[in-house]
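Numbering-wise (my numbering), the sequence shown opens with residue 1 and increments by one. From the three backbone atoms N, C-alpha and C, an ideal C-beta is built for every residue, glycine too. Because the structure is a prediction, the values reported are computed rather than measured. First comes the structure, then the notes that go with it.
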Amino acid sequence: MTKSEIEAYLYKHIPVTQALGVKVVHFSNSRVELSAPLSNNINHRFTAFGGSISSLLITTAWSYLRLLFDDEGEGQIPRIVIGKSNTNYLKPIVSDFSSELLIPDEDTLNHFIEMYHRFGKARITLKAKIEEDDATYAEFEGDFVVMERK
Numbered sequence: 001m002t003k004s005e006i007e008a009y010l011y012k013h014i015p016v017t018q019a020l021g022v023k024v025v026h027f028s029n030s031r032v033e034l035s036a037p038l039s040n041n042i043n044h045r046f047t048a049f050g051g052s053i054s055s056l057l058i059t060t061a062w063s064y065l066r067l068l069f070d071d072e073g074e075g076q077i078p079r080i081v082i083g084k085s086n087t088n089y090l091k092p093i094v095s096d097f098s099s100e101l102l103i104p105d106e107d108t109l110n111h112f113i114e115m116y117h118r119f120g121k122a123r124i125t126l127k128a129k130i131e132e133d134d135a136t137y138a139e140f141e142g143d144f145v146v147m148e149r150k
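If you want it as structure tokens, here you go:
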């Protein structure tokens with residue numbers, strides 16, 4: 001799946017991403033990065049709205065799982081849902097911003113995929129962050145559940 005394909009998919013299936021102005025910056029198994037303009041996500045204090053920040057971080061992690069299962073090439077993509085999320089807002093964001101997934105280690109990924117194939121359902125914790133110029137503005141950790149479509 002290319003950057004433009006996942007962007008179109010997000011706009012169609014998760015419409016809020018289009019309203020947020022989400023753009024796919026990088027999309028591969030080794031790096032997922034999405035961005036959003038401040039202009040679409042500004043609050044009354046002229047900083048990025050917390051809900052927009054959280055949405056971008058969740059979408060970054062969700063997109064990685066979408067790519068992971070797309071690359072397996074086994075037909076229908078499973079349901080990918082978030083079961084729990086936590087975002088720490090560390091500094092106000094005053095310009096356009098981007099979030100990057102912290103790719104899980106190979107053992108974690110292998111266990112996750114093995115559980116999915118064995119039980120038709122698996123859970124994984126993913127992390128993402130918003131950084132610029134060596135400063136961290138927000139950190140995200142979320143538990144995602146992936147299940148077969150029946």
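Closest to T17 by CA distance: which of T47, R31, S30 and S63 is it?
S63
May I have the straight-line CA-CA distance separating K84 from T59, to the nearest angstrom?
13 Å
Under the three-state DSSP convention, the category M1 falls into
coil
Using DSSP with H/G/I as helix, E/B as strand and the rest coil, what is T47?
coil
How big is the Cα-Cα spacing for D184 and V24?
No statement about residue 184 is possible, as the shown extent of the chain runs from 1 to 150 and does not include it.
Three or more beta-carbon pairs under 8 Å between the stretch 94-101 and the stretch 41-58, yes or no?
yes
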